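Chemist:
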Amino acid sequence: SICFQLIVLYVIGLLEASRLFLRTASHVGKKSRSSFFFFWNAGLLELSLGKFRNVLLNQTNPVEAVIRNIASNVTVVIFQVHAQQNSVNPSANSSGTGVDKGLISILRPQQSVCTWYLRSLDANQVLSTAISIPYMEKDPIPGGCNLEFDLEVDPNIYLDYTLVDIHIKFAPANLGYARGANPPACDSGTGQNSRWRLRYDVYQYFLPENNLSEMVLMSHIRKMSEVQSIKANGVKMLTLTTDDKTNVYFSSLPGQGVIYNVIVWDPLWNTSAAYIPVHTYACSFVDLVDNCSSLSKLSTKIFFTVLAVLGLFTCFFGHRFWKTDLFFMGFIITGFFSFVFITRVTGLGYDVRLILTAVAGIIGGLLLVASWWRFGSVLLCMLLIGLVLGFLFSSVVFFTPLGDYRVFRDDVVFWVTFSSIALMIPVLFVGCPRILNLLACGIIGSYSVVLAIACYIYTSLAYITLDLLRRILNDYFSRAYTNVPFQTNDFIILAVWIMLALSGVTVQLRRERSEVSFPPHPYLIWKREKERRSTNILDPSHHIRPLRERIHSKLLQIKEVFQKEQPAGERTPLLL
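Just so you know, the sequence shown maps onto residues -17 to -1, 1 to 559 in mature numbering (1 follows the signal peptide of the UniProt record, and there is no 0).
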């Protein structure tokens, strides 16, 4: 019996060891999967101050987020959660809803634990990332003087977008204070001992182009959450004082992810705090058409693809085929102004406006060719071509950071400066019109290829002219900052543009160096030939019949083709 008992104990020991082994293996597997996918899927989320945790949220099972062992010198904790497109709902004593949302916890004396609850508003699981950031008593409190939004202390940034611009706004901050103390009054005065000494730095950060991945957003939004990482990775766009309104406008970049955040700085204590970052793609993920994955309409692709084919031909052969060059430039001039006029005056749909623009551009191109044929004025034609090149050159100048200087917010200053730069090009080349035309053919023709590429692949180079068109069409676009990303795709497409422009100009210079600068006046040639034919009876063209007789003869020939062939032989009765 002793042997039997030993065997039973041995078997029980093996079973217990197997059970413990399987539990340990399962736990290790779960942890490894969690670290591999970088998210936490549980009812309890243990957080550490300043550390991000990715978490899957749903509508039915809230996640409890807890921070323990908070240091006594921490007076404020800002908790925030971010998702790509589905709204999330953090809550504690108060709550908020949005894709980038957070709450601020003012700590009580002796408090060392904070708890929040997280859930999504979508029935499916939503990938999100959460972080809690501590601040001390001398750090300013973002949103501490909120009078506009729902939360009593609101560190959130509120974002609205259209296809034209992006609008962000936030609540003013307050001075920091110790645990258990009363907050400084927001309207106690405007001196250096009040919140009016605070400064607000607005930062912008672009996500990788052509990338709509959730994980990419989660990894990059971490760079715009804390003060030091914001300064290291973001681009400071402007600084606001307490006298300024806490709202800023930026140009909209549909399909391009961008993150905004604000750092509030206390110059007296040289301390800073960050608001909760907010992101946008300026487009919808759920729309069936014109969503973030397919922004360009079919009509836009057709229009700019045809324009690019004509532009590429002009880039390499425009000067030799002078009338084609004139048609291309006339199409651009008339089409641009027609689109502006139709958009400002009518409420027609985009496709209809684009069709009318194409028709007007064709008519304008033909009119420019006709004016050259009749009047033969090289000076007039080169003035128009030079203005087109000057328009593009001036747009490139304002595409640089120079365009975001505050002085150019004034429309009068902007348009006077823009027009002066545009007029400078034809004035500089007035003595060498052929060089001007070769440059215009190469640069403008190759840029039409860039616009066509932008219909299929995102590139910031399209906004060289698009931002100017927005400013013409929208009365308030002057207030928007027009900074755009310049990443790998843009460098490649810029290299293609430069290569095409240089190749086109070089090829035409080598081919046309022994030719006359411009063709002779077509109307004078036609008139001279007409007089020669009328006086020289030995010229075969002198005996050409009038146009009316030639048309009548052609019609008779066409009519004979459709007549039924008559049978051969006698067709009348025999006479007896």
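All C-beta atoms, glycine included, are put in the ideal place defined by N, C-alpha and C. Quick caveat, the model's predicted, so the values are computed rather than measured.
By Cβ distance, which residues of its chain are closer than 8 angstroms to R51, with the 5 residues on each side in sequence left out?
Modeler: Within the sequence shown, the letter at position 68 stands for residue 51. Hits under 8 angstroms: E29, S95, V96.
Chemist: Pick out whichever of M407, A435, D387, G347 has its Cα sitting closest to the Cα of L375.
Modeler: Within the sequence shown, numbered from 1, the residue matching residue 375 stands at position 392. Checking every option, the nearest Cα to that of L375 belongs to M407.
Chemist: In chain order, what residues of the same chain have a beta carbon less than 6 angstroms from the beta carbon of Q108, not counting five sequence neighbours either side?
Modeler: If you number the sequence shown from 1, residue 108 lands on position 125. Closer than 6 angstroms at Cβ, skipping near neighbours: L39, N41.
Chemist: By the 10 Å Cβ neighbour count, where 16 or more other Cβ atoms means buried, how is L411 classified, buried or exposed?
Modeler: The sequence position of residue 411 within the sequence shown is 428, counting from 1. Counting Cβ neighbours within 10 Å, L411 comes out exposed, since fewer than 16 surround it.
Chemist: Have a look at the DSSP bridge pairing and note the partners of A66.
Modeler: Residue mapping note: residue 66 aligns to position 83 of the sequence shown, counting from 1. DSSP lists S111 as partners of A66.
Chemist: Look at G313 and G347 and say whether their C-beta atoms are less than 8 angstroms apart.
Modeler: Here residue 313 corresponds to residue number 330 of the sequence shown, with the count starting at 1. Here residue 347 corresponds to residue number 364 of the sequence shown, with the count starting at 1. Result yes, Cβ atoms of G313 and G347 sit closer than 8 angstroms.
Chemist: On a Cα-Cα basis, can you pick out the residue from L421, A478, F287, S103 that is closest to R496?
Modeler: As a first step, residue 496 is located in the sequence shown; it is residue number 513 there, counting from the start. Of the candidates L421, A478, F287, S103, the residue whose Cα lies closest to the Cα of R496 is L421.
Chemist: Could you have a look at T254 and say whether DSSP puts it in helix, strand or coil?
Modeler: As a working mapping, residue 254 is identified with position 271 in the sequence shown. Residue state, collapsed to three classes: strand.
Chemist: Look at the Cβ atom of G332, then the Cβ atom of L278, and state whether they are nearer than 8 angstroms.
Modeler: Taking the first residue of the sequence shown as 1, we reach residue 332 at position 349. Taking the first residue of the sequence shown as 1, we reach residue 278 at position 295. Not a contact, by the Cβ cut-off of 8 angstroms.
Chemist: Should I(-16) go down as buried or exposed, given a rule of 16 or more other Cβ atoms within 10 Å for buried?
Modeler: Position 2 of the sequence shown, counting from 1, holds the residue named residue -16. Unreliable positioning characterises I(-16) in this predicted model, as indicated by a pLDDT of 48, which lies under 50. A coordinate reading is not provided.
Chemist: Please state whether DSSP places I259 in a helix, a strand or coil.
Modeler: Counted from its first residue, the sequence shown places residue 259 at position 276. Three-state DSSP puts I259 in coil, outside helix and strand.
Chemist: Suppose you measure from the CA of I151 to the CA of P117; what does that come to, to the nearest Å?
Modeler: By 1-based counting over the sequence shown, the position of residue 151 is 168. By 1-based counting over the sequence shown, the position of residue 117 is 134. Looking at the two C-alpha atoms, the distance is approximately 24 angstroms.
Chemist: DSSP state of N44, grouped into three classes?
Modeler: Stepping through the sequence shown from its first residue, residue 44 is reached at position 61. Of the three classes helix, strand and coil, the one that applies to N44 here is coil, per DSSP.
Chemist: Going by the DSSP bridge assignment, what does W99 pair with across the sheet?
Modeler: Position 116 of the sequence shown, counted from the first residue, corresponds to residue 99. DSSP lists A48 as partners of W99.
Chemist: Whole angstroms is fine: what's the gap from I89's alpha carbon to R162's?
Modeler: Reading the sequence shown from its first residue, position 106 is the one you call residue 89. Reading the sequence shown from its first residue, position 179 is the one you call residue 162. For I89 and R162, the distance between alpha carbons rounds to 8 angstroms.
Chemist: Determine the burial state of D143: buried for a count of at least 16 other Cβ atoms within 10 Å of its Cβ, exposed for fewer.
Modeler: The sequence position of residue 143 within the sequence shown is 160, counting from 1. Flag for D143 reads exposed.
Chemist: Using 8 angstroms for Cβ pairs, my map puts Y186 next to I213. What's the rounded Cβ distance?
Modeler: Locating residue 186 in the sequence shown gives position 203, where the first residue counts as 1. Locating residue 213 in the sequence shown gives position 230, where the first residue counts as 1. Going by Cβ atoms, the distance from Y186 to I213 rounds to 5 angstroms, so yes, they are a contact pair.
Chemist: Which complete beta strand (DSSP E) runs does the stretch 160 to 189 hold, if anything under 3 residues is left out?
Modeler: 182 to 189
Chemist: Could you compute how far the alpha carbon of T224 sits from the alpha carbon of A257?
Modeler: Walking along the sequence shown from the start, residue 224 turns up at place 241. Walking along the sequence shown from the start, residue 257 turns up at place 274. Roughly 16 angstroms between the two C-alpha positions.
Chemist: With a cut-off of 8 angstroms, do at least 3 Cβ pairs link the stretch 160 to 179 to the stretch 115 to 132?
Modeler: yes
Chemist: Determine the closest residue to K228 out of N253, Y439, L444, P155, with distance taken between C-alpha atoms.
Modeler: Counting from one through the sequence shown, the residue named residue 228 turns up at place 245. When only C-alpha atoms are compared, the closest one is P155.
Chemist: Output yes if chain D places a C-beta closer than 8 angstroms to the C-beta of L452; else output no.
Modeler: Among the protein chains of the structure shown there is no chain D, as only one such chain exists.
Chemist: If I follow the unbroken alpha helix (DSSP H) through N216, where does it start and stop?
Modeler: Start at 1 with the first residue of the sequence shown, and residue 216 comes out as number 233. Looking at the DSSP string, the run of the alpha helix (DSSP H) that includes N216 is 210 to 216.
Chemist: Which residues does DSSP list as the beta-bridge partners of I124?
Modeler: Sequence index remark: in the sequence shown, residue 124 carries index 141 (1-based). According to DSSP, which records beta bridges pairwise, I124 is partnered with N157.
Chemist: Alpha carbon to alpha carbon, how far is V64 from M207? Give it in angstroms, no decimals.
Modeler: As a working mapping, residue 207 is identified with position 224 in the sequence shown. As a working mapping, residue 64 is identified with position 81 in the sequence shown. Roughly 13 angstroms between the two C-alpha positions.
Chemist: P166 to D83, Cα distance in whole Å?
Modeler: Within the sequence shown, the letter at position 183 stands for residue 166. Within the sequence shown, the letter at position 100 stands for residue 83. The alpha-carbon atoms of P166 and D83 are separated by roughly 26 angstroms.
Chemist: Tell me the DSSP secondary structure of M119 in three-state form.
Modeler: As a position in the sequence shown, residue 119 is number 136, starting the count at 1. Three-state result, M119: coil.
Chemist: Give me the Cα-Cα distance between Y459 and V396, rounded to the nearest whole angstrom.
Modeler: Looking up residue 459 in the sequence shown gives position 476. Looking up residue 396 in the sequence shown gives position 413. Roughly 15 angstroms between the two C-alpha positions.
Chemist: Mind checking which residues open and close the beta strand (DSSP E) that includes I140?
Modeler: Here residue 140 refers to the residue found at position 157 of the sequence shown. 140 to 144 is the span of the beta strand (DSSP E), which, as asked, contains I140.
Chemist: Can you tell me which of V261, S378, L339, W305 puts its alpha carbon nearest to the alpha carbon of C364?
Modeler: By one-based count along the sequence shown, residue 364 stands at place 381. Looking at the Cα atoms, W305 is the closest of the given residues.
Chemist: With a CB to CB cut of under 7 angstroms and the five nearest residues on each side skipped, what residues in its chain are close to L539?
Modeler: In the sequence shown, counting from the first residue as 1, residue 539 sits at position 556. So no residue of the chain qualifies.
Chemist: Quick check: residue 566 and V147, are their CB atoms within less than 8 angstroms of each other?
Modeler: For residue 566 there is no data in the structure shown, the boundaries of the chain being -17 and 559.
Chemist: Do you know whose CA, among A66, R91, Y183, C298, lies nearest S202's CA?
Modeler: Taking the first residue of the sequence shown as 1, we reach residue 202 at position 219. The candidate whose alpha carbon is nearest that of S202 is A66.
Chemist: From what residue to what residue does the alpha helix (DSSP H) around N230 run?
Modeler: Residue 230 sits at position 247 when you count from the first residue of the sequence shown. It is not in any alpha helix (DSSP H) - N230 instead sits in the beta strand (DSSP E) that spans 230 to 234.
Chemist: My assumption, with CB atoms under 8 angstroms, is that G373 sits in contact with P409. Please give the rounded CB distance.
Modeler: By one-based count along the sequence shown, residue 373 stands at place 390. By one-based count along the sequence shown, residue 409 stands at place 426. About 6 angstroms separates the two Cβ atoms, so the contact holds.
Chemist: Is E29 helix, strand or coil by DSSP?
Modeler: The residue labelled residue 29 in the question sits at position 46 within the sequence shown. In this structure, E29 counts as strand in the three-state DSSP scheme.
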